[in-house]
Ligand code: GDP
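In UniProt numbering, the protein residues as written are 1 to 201.
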């Protein structure tokens, strides 16, 4: 392994209440709190990990899904290296809205070629027995909308949460511009990532 590390920004998008904050918290702190405060605008947490021999600092951005927060969240889409499109398996409407979320992200992040941008789709709340969205339908949507990887997760019991974030890193590593993310670990400046207009650390 080299002395360099990768600084990657991933962003969670999806309707309010699907579990974006809970997924981020489960992954970074390994805790689940059923009384989390609503996200207002955006928040981020960092997580250090190693994927396929690469040291990675993952900056995970959580966004407020409610329509009234649109103008607060969209400036932070730019510079994202991967977008985690999230819905809740017990909420069919949140699944229907995935296309809108992808469109909003692509527009505000100024993605020139959405077909080659890394998206990962998460169907959360797998622990709830009453499903409104089947795995078959979700996989079909992913196939027909760019061949995105699909994970069924539970922030409550941690099922597949780490695998989903690791897959996001793999998708980025497999994408064309991975060299843009190489940084020297001694000089990593995460503040740069938090600037709305910044493209990369
Ligand atoms: P966000 O608005 O998308 O960030 O959603 P939150 O993370 O705030 O979660 C909304 C609600 O769903 C909260 O009451 C969470 O406790 C609950 N929740 C989140 N993830 C899960 C999950 O995997 N399983 C279950 N049963 N509840 C969840």
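For every residue, glycine included, the Cβ atom is placed at its ideal position computed from N, Cα and C. Only a predicted model underlies this, so the values are computations on that prediction, with no experimental measurement involved.
Distance cut-off 8 Å: residue i Cβ against heavy atoms of the ligand GDP
i, result
"residue 126", "yes"
"residue 36", "yes"
"residue 23", "yes"
"residue 71", "no"
"residue 57", "no"
"residue 39", "yes"
"residue 81", "no"
Neighbour-count burial assignment, residue i, 16 or more Cβ in a 10 Å radius
i, result
"residue 1", "Caution is warranted here: a pLDDT of 48 is assigned to residue 1, below 50, making its placement in the model unreliable, and no coordinate value can be reported."
"residue 62", "buried"
"residue 107", "exposed"
"residue 46", "exposed"
"residue 57", "buried"
"residue 201", "Its pLDDT being 44, under 50, residue 201 is placed unreliably by the model, and nothing is read from it."
"residue 186", "Annotation note: pLDDT 39 at residue 186 (below 50); position unreliable, no value reported."
"residue 103", "exposed"
"residue 196", "Reliability of the predicted coordinates at residue 196 is poor, the pLDDT of 48 falling under 50, and the value obtained from them is presented with this limitation in mind. It is exposed - the Cβ of residue 196 has fewer than 16 other Cβ atoms within 10 Å."
"residue 29", "exposed"
Nearest candidate by alpha-carbon position, reference residue i, set the options
i, options, result
"residue 43", "175, 121, 22, 108", "22"
"residue 18", "136, 128, 49, 114", "128"
"residue 172", "162, 120, 13", "120"
"residue 75", "110, 96, 91, 100", "110"
"residue 162", "65, 117, 51, 142", "51"
"residue 147", "20, 10, 138, 155", "138"
| task | Any chance you could list the beta strand (DSSP E) runs of at least 3 consecutive residues sitting entirely within the region 140 to 166, in chain order? | result | The qualifying runs are 150 to 152.
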